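Undergrad: For the protein sequence lines, the chains are A and B, in the order given.
Start counting the first sequence at 1; every next residue gets the next number (our numbering).
Start counting the second sequence at 1001; every next residue gets the next number (our numbering).
Dumping the structure here so I can ask a few things about it.
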Amino acid sequence: MGFMDKLKNRFKQNEENEEVSEKYKEGMKKTRSSFSGKINDLIARYRKVDEDFFEELEEVLITADVGVMTVMDLIDELKMEVKRQNIKDTQEVKEVISEKLVEIYYGDDDEEIEQLNIQKDQLSVILVVGVNGVGKTTSIGKLAHQLKQDGKDVVLAAGDTFRAGAIEQLEVWGERAGVDVIKQGAGSDPAAVIFDGIKAAKSRKADVLICDTAGRLQNKVNLMNELAKVKRVIEREIPGAPHEVLLVLDATTGQNALNQAKTFSDATNVTGIVLTKLDGSAKGGIVLAIRNELNIPVKYAGLGEKITDLQRFDAHAFVYGLFADILEEEE
Amino acid sequence: MAFEGLAERLQGTIKKITGKGKVSEQDVKEMTREVRLALLEADVNFKVVKDLIKRIKERAVGQEVMESLTPGQQVIKVVKEELTELMGGEHSKIATADRPPTVVMMAGLQGAGKTTTTGKLANLLRKKYNRSPLLVACDVYRPAAIKQLETLGQQLNMPVFSMGTDTNPVEIAEKALEKAKEEHHDYVIIDTAGRLHLDSELMDELEQLKNTVNPHEIFLVVDAMTGQDAVNVAESFNEQLDITGVVLTKLDGDTRGGAALSIKAVTDKPIKFAGMGEKLDELEAFHPERMASRILGMGDVLSLIEKAQTNVDEKKAKELEDKMRTMSFTFDDFLEQMGQVKSMGPLDDLMAMIPGANKMKGLKNAQIDEKQLVHVEAIIQSMTKKERQDPSIMNASRKKRIAKGSGTSVSQVNRLLKQFDEMKKMMKQMTNMQKGKKGKGMNLPFM
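Put into structure tokens, the structure is as follows:
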């Protein structure tokens, strides 16, 4: 059985999976049509697998913001594979390409990497970080809603004391999700707000505390130090916390996303990524690059503006979404 | 990481061809491949890159490069010229209506920085052009967006017009215009909600807004970190709204900003301003040529020179250079130099502008913490005159006194003394290098 069939069967067998993949298919309609469309174009145009073909393939992947280094690695591996299996026809290459993409994403790990680390009988702290304007506060609102739906008692801490209107924005999301927001005034010390949040969450025996932070560009050393301090405060108050440090990434971001992931990891040891704005025409290929170069998994994907539009990230569904056109065409 | 400037990228190829009497077509091909990768790494859209490479190849294969003595440098020059031409000239003027108020409309994706830019633009209009703008809160969708603009208005002490979240943005804008006329505001800046270029309903709303208020300027606000998708976004907004200009935000980050080139190429509309920080006075005129350098990873040499020229007293600089050469550089000079450097702006900005700074040993991962500078300053200021002139007299009790006086520790004082010593050594090397033949590793690609 070919790789594509395996992928297809995965979603045929299980109805729940089918539902997940439908959501991705819907959310990533634009992404998919452009990406797999391009691969199809490419394959139609080139009948022989030669240097020009690989060069063009390289471009297709780069256009998906996959990241230059990752693309280079992928192309090298493909070239090897093509030689090894003596593939001359571009149609056969298609299978190898998608297989490699999934392989890059999972590596030696299994799907466990996408699970959120929530403790059973203890307060779990989630610290949310990222550059300006990626959608941290919005993602927190959606995540709070989702955890609440799962029966968790959630508290939010308004750690973005810098941007005008940020506290109010989180409060609106808190209302929508029906969870409490711990806050201080604008301009107060974020570490102090988070400290308050921990105290409050502990005293009301909440299950999850989600900490918002101000957006900051990763090259601002002072601001990154401030973030490290916030994390230290959490570590000091609760051993083993924060249980998750989620980096929110805008899917429209290009190669700089790698810098973001690297620098935020250095400061706060990022455990997972929330990939937002995947409902646009951006390709989200950066996910592969970050997994490949930094080994950080994606845990959630933002697929729209509604409070329910945050999905558990599922790389199979993601790749299925990318390649759905190709898969269906073969039936 | 994956980010190398063009100059570094070309090093390998250049090494191969130096010493060769002639540059072959194969060499040029290799060089243009490196150029291509450098541009792609900088997030320039691949179609834009393709066109550029075609033109660069034509010029490179011609006499211009192949017969030059320094083909590598020549390729970089050709690339930069092409990029600069594509980026166009400078256009940082804002339109002024014959009959006020001038209406400015902001548009863009979510999180691009429209609201912040609205505040910055208003501040610029007042400070530089002595105008009195009215800010209009038309983002009725994002929670607390109106509150955000109102807070900015308070900070700037400027009026903000809002009607809550239940009114249609078009109606809000209309009412705001009436109010502006009544109260004699000469500019009206309309903040709108972020939206996806694919969302036809919201895009239609923008068009309706445009048709109602007839703005004199429509700025598309774009995040400088945007990847390949920048072309799609810019194209869609431009098609629907016929924008008049672009504001590139978050340029104070460490992104190469190739999106700038992509946007210019697909819309042919000028990039007028650049957001350079979170504070409300950090909106600057956009300099296309410097952007070209930045995309190529050659550092913003021009900006650096300009900053240095305005801030460093030339006579003092000459004195300093002499002192460096004669090794009579003291802590007093160091303090003075620090003051001059600090007046140029945040240090990491300056570092980013020095070409090859990221390649220099020791500087590669240097993270500059401005707070540490304050410590350094305090330590030096706690020294006696004699100690500053001649650090060699430093002993344990002196160090203890200095540490106490500056609120630091002896180990910090020691560290500074050691760094100062190393710096002096480095200076000696540098001045020797300048005297000798072309400095190895220190020559700037364009100087």
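Every residue gets a Cβ at the ideal spot worked out from N, C-alpha and C, and that includes glycine.
No experiment lies behind these values; they were computed from the predicted model shown.
What ranges does the beta strand (DSSP E) occupy inside the region 98-185 of chain A, keeping only unbroken runs of at least 3 residues that lie completely in it?
TA: You should have 124-129, 154-159, 180-182.
Undergrad: Could you tell me whether the Cβ of A/Leu143 comes closer than 8 Å to any Cβ of chain B?
TA: As a working note, residue 143 of chain A is residue 143 in the first sequence. No - not a single Cβ of chain B is within 8 Å of the one on A/Leu143.
Undergrad: Can you check whether the CB of B/Ala1137 is closer than 8 Å to the CB of B/Phe1450?
TA: Not covered by the structure: residue 1450 of chain B. The range shown for chain B is 1001 to 1447.
Undergrad: Residues in the same chain with beta-carbon distance under 7 Å from B/Gly1277, minus the five sequence neighbours each way, listed in chain order, please.
TA: Numbered from 1 along the second sequence, position 277 holds the residue referred to as residue 1277 of chain B. Here the set comprises Asp1252.
Undergrad: Can you check which of these residues, A/Leu170, A/Ser188, A/Gly187, A/Asp189, is closest to A/Asp180 by C-alpha distance?
TA: Here residue 180 of chain A corresponds to residue number 180 of the first sequence, with the count starting at 1. Looking at the Cα atoms, A/Leu170 is the closest of the given residues.
Undergrad: Determine whether the Cβ of A/Gln311 lies closer than 8 Å to any Cβ atom of chain B.
TA: In the first sequence, residue 311 of chain A corresponds to position 311, counting from 1. Closer than 8 Å: no.
Undergrad: How would you list, in chain order, the residues of chain A whose beta-carbon sits under 7 Å from the beta-carbon of B/Met1087?
TA: The residue labelled residue 1087 of chain B in the question sits at position 87 within the second sequence. Simply none; closest approach about 18 Å.
Undergrad: With a cut-off of 8 Å on the beta carbons, I'd call B/Glu1205 and B/Pro1169 a contact; round off their distance for me.
TA: Within the second sequence, residue 1205 of chain B is the residue found at index 205, counting from 1. Within the second sequence, residue 1169 of chain B is the residue found at index 169, counting from 1. Right, the Cβ-Cβ distance comes to about 7 Å (below 8 Å), so this counts as a contact.
Undergrad: Could you check which residue in A/Gly284, A/Leu278, A/Asn295 has the C-alpha nearest to that of A/Gly302?
TA: The residue you call residue 302 of chain A lines up with position 302 of the first sequence. Per the Cα distances, A/Leu278.
Undergrad: In the structure shown, what three-state DSSP assignment does B/Phe1161 receive?
TA: Numbered from 1 along the second sequence, position 161 holds the residue referred to as residue 1161 of chain B. B/Phe1161: strand per DSSP, three-state reduction.
Undergrad: To the nearest angstrom, how far is the alpha carbon of B/Glu1090 from that of B/Ala1193?
TA: If you number the second sequence from 1, residue 1090 of chain B lands on position 90. If you number the second sequence from 1, residue 1193 of chain B lands on position 193. Roughly 28 Å separates the two Cα atoms.
Undergrad: Answer with buried or exposed for B/Gln1419, where buried requires no fewer than 16 other C-beta atoms within 10 angstroms of its C-beta.
TA: One-based indexing of the second sequence puts residue 1419 of chain B at position 419. When all chains shown are included, B/Gln1419 counts as exposed.
Undergrad: If distances are taken between C-alpha atoms only, which option among A/Lys148, A/Asp250, A/Ile167 comes closest to A/Ile118?
TA: In the first sequence, the residue the question calls residue 118 of chain A occupies position 118. Minimum Cα distance to A/Ile118 is reached at A/Lys148.
Undergrad: Taking the alpha carbon of A/Ala315 as the reference point, which residue from A/Val71, A/Leu74, A/Lys142, A/Lys100 has its own alpha carbon closest?
TA: Translated into the one-based positions of the first sequence, residue 315 of chain A becomes position 315. The residue with the shortest Cα to Cα distance from A/Ala315 is A/Lys100.
Undergrad: At the 8 Å Cβ level, is A/Lys229 part of the contact set with chain B, yes or no?
TA: Translated into the one-based positions of the first sequence, residue 229 of chain A becomes position 229. It does not: the Cβ of A/Lys229 has no partner Cβ on chain B nearer than 8 Å.
Undergrad: Taking a Cβ distance cut-off of 8 Å, strictly less, list which residues of the region 1158-1174 of chain B are near chain A, in chain order.
TA: If the cut-off is 8 Å between Cβ atoms, the region 1158-1174 of chain B has nothing near chain A.
Undergrad: Could you spell out where the beta strand (DSSP E) holding B/Gly1448 opens and where it closes?
TA: Only positions 1001 to 1447 of chain B appear in this structure, which leaves residue 1448 of chain B out of reach.
Undergrad: Hey, how far is the Cα of A/Thr253 from the Cα of A/Val134?
TA: For this step, residue 253 of chain A is matched to residue 253 along the first sequence. For this step, residue 134 of chain A is matched to residue 134 along the first sequence. Rounded to whole angstroms, A/Thr253 to A/Val134 spans 9 Å at the Cα level.
Undergrad: State the start and end residues of the unbroken beta strand (DSSP E) segment that holds B/Lys1114.
TA: The residue labelled residue 1114 of chain B in the question sits at position 114 within the second sequence. Taken as a continuous stretch (DSSP letters only), B/Lys1114 belongs to no beta strand (DSSP E), being part of the alpha helix (DSSP H) at 1114-1129.
Undergrad: Would the beta-carbon of A/Val68 fall within 8 Å of that of B/Glu1183?
TA: For the purposes of this step, residue 68 of chain A is taken as the residue at position 68 of the first sequence. For the purposes of this step, residue 1183 of chain B is taken as the residue at position 183 of the second sequence. Not closer than 8 Å, so no.
Undergrad: Against A/Val134, what residues of chain B qualify as contacts under a CB-to-CB distance less than 8 Å, listed in chain order?
TA: Here residue 134 of chain A is taken as the residue at index 134 of the first sequence, counted from 1. Going along chain B in sequence order, the residues near A/Val134 (Cβ under 8 Å) are Gly1111.
Undergrad: Rank A/Arg163, A/Ile182, A/Cys211 by C-alpha distance to the C-alpha of A/Arg204 and give the top, closest one.
TA: In the first sequence, the residue the question calls residue 204 of chain A occupies position 204. Considering only alpha carbons, the answer is A/Ile182.
Undergrad: Quick one: what does DSSP say B/Pro1355 is sitting in, helix, strand or coil?
TA: Working through the second sequence from its first residue, we reach residue 1355 of chain B at position 355. For B/Pro1355, the pLDDT reaches just 48, beneath the cut-off of 50, and the residue's location in the model is therefore unreliable, although a value from the coordinates is still provided. Of the three classes helix, strand and coil, the one that applies to B/Pro1355 here is coil, per DSSP.
Undergrad: In terms of alpha-carbon separation, which member of A/Leu116, A/Leu246, A/Asn259, A/Leu217 lies closest to A/Val131?
TA: Here residue 131 of chain A is taken as the residue at index 131 of the first sequence, counted from 1. Per the Cα distances, A/Leu217.
Undergrad: Chain B partners of A/Val68, CB-CB under 7 Å?
TA: In the first sequence, counting from the first residue as 1, residue 68 of chain A sits at position 68. Near A/Val68 (Cβ distances below 7 Å), the residues of chain B are Ala1002, Leu1037, Leu1040, Glu1041.
Undergrad: Tell me which residue opens and which closes the alpha helix (DSSP H) that B/Gln1155 is part of.
TA: Looking up residue 1155 of chain B in the second sequence gives position 155. B/Gln1155 -> alpha helix (DSSP H) spans 1145-1156.
Undergrad: So which residues of chain A does B/Asn1232 contact, with C-beta pairs closer than 7 Å?
TA: For the purposes of this step, residue 1232 of chain B is taken as residue 232 along the second sequence, with counting starting at 1. Within chain A, the residues near B/Asn1232 are Ser281.
Undergrad: Of all Cβ atoms in chain A, is any one closer than 8 Å to the Cβ of B/Gly1227?
TA: One-based indexing of the second sequence puts residue 1227 of chain B at position 227. B/Gly1227 counts as touching chain A.
Undergrad: Counting contacts by CB-CB distance shorter than 8 Å, is A/Gln169 in contact with chain B?
TA: Stepping through the first sequence from its first residue, residue 169 of chain A is reached at position 169. Interface residue, yes.
Undergrad: Does DSSP classify B/Val1136 as helix, strand or coil?
TA: Taking the second sequence and counting its residues from 1, one reaches residue 1136 of chain B at position 136. Correct three-state label for B/Val1136: strand.
Undergrad: Which of the three DSSP states, helix, strand or coil, is assigned to B/Gly1339?
TA: In the second sequence, the residue the question calls residue 1339 of chain B occupies position 339. Helix.
Undergrad: So, does the CB of B/Lys1250 fall closer than 8 Å to a CB anywhere in chain A?
TA: Sequence index remark: in the second sequence, residue 1250 of chain B carries index 250 (1-based). True, the Cβ-Cβ gap to chain A drops below 8 Å.
Undergrad: In terms of residue numbering, what span does the beta strand (DSSP E) encompassing B/Asp1191 cover?
TA: Translated into the one-based positions of the second sequence, residue 1191 of chain B becomes position 191. Start and end: 1187-1192.
Undergrad: Short of 9 Å Cβ to Cβ, which residues in the region 103-125 of chain A face chain B?
TA: So nothing in the stretch comes that close.
Undergrad: Would you kindly work out how many angstroms separate the C-alpha atoms of B/Val1374 and B/Ala1403, rounded to a whole number?
TA: Counting from 1 along the second sequence, the entry for residue 1374 of chain B is found at position 374. Counting from 1 along the second sequence, the entry for residue 1403 of chain B is found at position 403. Near 14 Å, if we compare the C-alpha coordinates of B/Ala1403 and B/Val1374.
Undergrad: Measure the alpha-carbon distance for A/Thr276 versus B/Thr1118 and round it to whole angstroms.
TA: Translated into positions along the first sequence, residue 276 of chain A becomes position 276. Translated into positions along the second sequence, residue 1118 of chain B becomes position 118. A/Thr276 and B/Thr1118: Cα-Cα distance of roughly 24 Å.
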